[in-house]
Amino acid sequence: MVDLIGQYNHIKPQVNKAFESILDTAYYIGGPEVKGFQADLEKYLDIKHVIPCANGTDALQIAMMGLGLEQGDEVITVDFTFAATVEVIALLKLTPVLIDVEVDTYNMDIEALKKAITPKTKAIVPVHLFGQCANMEAILEVAKQHDLFVIEDNAQAIGADYTFSDGTKKKSGTMGVVGTTSFFPSKNLGCYGDGGAIFTNDDKLAHDIRGIVNHGMYERYYHDVVGVNSRLDSLQAAVLQIKLPLLDSFCDARRKAANYYNDAFAGNKHIITPITSDFTTHVFHQYTMQIINADRDALHKHLLDNNIPNAIYYPVQLHSQKAYTDDRYKEDDFKVTNELVKTVLSLPIHTELEDDQLEYITKTVLNFLK
Ligand SMILES: *Cc1c(COP(=O)(O)O)cnc(C)c1O
5 MVDLIGQYNH
15 IKPQVNKAFE
25 SILDTAYYIG
35 GPEVKGFQAD
45 LEKYLDIKHV
55 IPCANGTDAL
65 QIAMMGLGLE
75 QGDEVITVDF
85 TFAATVEVIA
95 LLKLTPVLID
105 VEVDTYNMDI
115 EALKKAITPK
125 TKAIVPVHLF
135 GQCANMEAIL
145 EVAKQHDLFV
155 IEDNAQAIGA
165 DYTFSDGTKK
175 KSGTMGVVGT
185 TSFFPSKNLG
195 CYGDGGAIFT
205 NDDKLAHDIR
215 GIVNHGMYER
225 YYHDVVGVNS
235 RLDSLQAAVL
245 QIKLPLLDSF
255 CDARRKAANY
265 YNDAFAGNKH
275 IITPITSDFT
285 THVFHQYTMQ
295 IINADRDALH
305 KHLLDNNIPN
315 AIYYPVQLHS
325 QKAYTDDRYK
335 EDDFKVTNEL
345 VKTVLSLPIH
355 TELEDDQLEY
365 ITKTVLNFLK
């Protein structure tokens, strides 16, 4: 689905040089690359505080710990996302409340959000799924009315821009009280192992989170709160420092591939190509289409048989997963997600796709869906 070796080959001399200097000094943890990358990302996102951590799942958990959410607090998130989002809510003994998504953008449905709010609701976690922002203006408005925290799961959309109706622009992940991301190798900004980060403009929250990521320590060996051990190491920070200046060009390359797919599939009655909302740019972490009135699973297999990687993100609704079922859920409230798990299919999308590859992929898809 991605070509990480091809991408590495373009930046090999810089990466190898950076790695060599870290290996020569053995400054594996907390080296200058970590602070350097943190400052670079703060500048790129135009946000006051970036706190690096070990991965995107930790980032979500730590954000929720930092906000002081407590057992029994309800946290609303979407039924159609990677499980990490709901996992950390459950792990912290908060109460996950899963809601449906919009059929055209795959992002949080605002009417479902309004319906799900109760006196126990404390936070909303929109996921900017597949690379475009959820309807943040509406989500922030609902949050304001009900005094709720908004935690943006930005693992899939780093680099996307959001435009508010007054013309103000913000980077994805910087609109809620806190945003989180993942630097897993296949993400749009990926390192060569695990990594993640938390973003906020709130000084007090940033201070609290900096303690939490480091065993609850603000002063060495004095533990003020229960924390975790979650850090980005120097080697990963070095890769990210080299790749961050390239992020916008990476997103352009993904958009170019997505446009190729969109053009090739336009007019095919079995394919619904992904649409981008007016208020956001799309950075195409995934190119996810819907296959209708045709055998999606047979297409999936046909493409694999023809050496075309493709995947089903996501094959099971979270509210139907053994770990996350709850008697309160009614199937009727998940009409869209229940359908999407049967129709979605994601094609390869990355920074190294060549036209001949795109041509082979689209031809193979179209031959099957004639
Ligand atoms: C990848 C991902 C995460 C988790 O990131 P890790 O770094 O793998 O822990 C969380 N949420 C979403 C939506 C993701 O895609």
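The letter at position 152 of the sequence shown is residue 156 when you use the numbering used here, and the numbering goes up by one with no holes.
Glycine is no exception: its CB is placed at the ideal position from the N, C-alpha and C atoms.
Check whether the Cβ of residue i lies closer than 6 Å to any heavy atom of ligand 1, and answer yes or no.
i	result
VAL105	no
GLN160	yes
SER186	yes
GLU157	Sequence inspection shows Asp at residue 157; the Glu mentioned does not correspond to that position. Yes - ligand 1 has a heavy atom lying nearer than 6 Å to the Cβ of ASP157.
VAL101	no
THR89	yes
ASN59	yes
PHE86	yes
VAL131	yes
GLY194	no
GLY163	no
GLY200	yes
Grab me the residues of residue i's own chain with a C-beta within less than 6 Å of its C-beta, minus the 5 sequence neighbours each way, in chain order.
i	result
ALA210	HIS53 and THR204
ASP77	LEU98 and LYS126
LEU96	MET68
For residue i, which residues in the same chain have their Cβ closer than 8 Å to its Cβ, ignoring the five residues on either side in sequence?
i	result
LEU49	LYS175, GLY177, THR178 and PHE203
VAL90	THR81, PRO100, LEU102, LEU322 and TYR328
Closest by CA to residue i, which one among the options?
i	options	result
GLU156	ASN139, GLY180, GLU24 and PRO249	GLY180
ILE353	GLN149, THR284, ASP256 and LYS16	ASP256
ALA315	THR368, PHE153 and TYR291	TYR291
THR184	MET5, ALA22 and ALA58	ALA58
THR347	PRO278, ILE213, ALA241 and LEU251	PRO278
LEU370	ASP359, LYS47, LEU307 and LEU357	LEU307
PHE86	ASP359, ILE55 and PRO319	PRO319
ALA270	LYS367, ASP309 and CYS195	LYS367
ALA88	MET69, LEU98, THR61 and VAL79	THR61
LEU351	ARG258, GLU37, PHE187 and SER253	ARG258
LEU193	ASN13, GLY220, ALA298 and LEU45	LEU45
HIS150	MET140, GLN136, ASN13 and PRO123	PRO123
GLY154	LYS47, THR280, ILE51 and LEU64	It should be noted that the sequence gives Val, not Gly, for residue 154. Comparing Cα-Cα distances from VAL154 to each of LYS47, THR280, ILE51 and LEU64, the minimum goes to LEU64.
ILE51	LYS173, VAL217, LYS326 and THR280	LYS173
ASP212	GLY199, VAL107 and HIS227	HIS227
LEU362	ILE216, VAL38, ALA268 and GLY199	ALA268
ILE93	ALA262, THR109 and GLY72	GLY72
Near residue i, which residues of its chain fall below 7 Å by C-beta distance, leaving aside the five closest residues on each side in sequence?
i	result
ASP376	Since the first residue of the chain shown is 5 and the last is 374, residue 376 is not available in this structure.
GLU223	none
ASN266	THR277
ILE66	CYS57, ILE202, ILE213, ILE216, VAL217, VAL232 and SER234
Using a Cβ-Cβ distance under 7 Å, would residue i count as near chain B?
i	result
LYS47	Judged by its chain identifiers, the structure shown contains no chain B, having just a single protein chain.
Does the region 158 to 168 come close enough to the region 8 to 22 to have 3 or more Cβ pairs within less than 8 Å?
Cβ pair count under 8 Å is below three, so no.
Stretch pair the region 234 to 241 + the region 137 to 153: three plus CB contacts closer than 8 Å:
Cβ pair count under 8 Å is below three, so no.
Is there contact between the region 218 to 232 and the region 20 to 38, where contact requires at least three CB pairs shorter than 8 Å? Cβ pair count under 8 Å is below three, so no.
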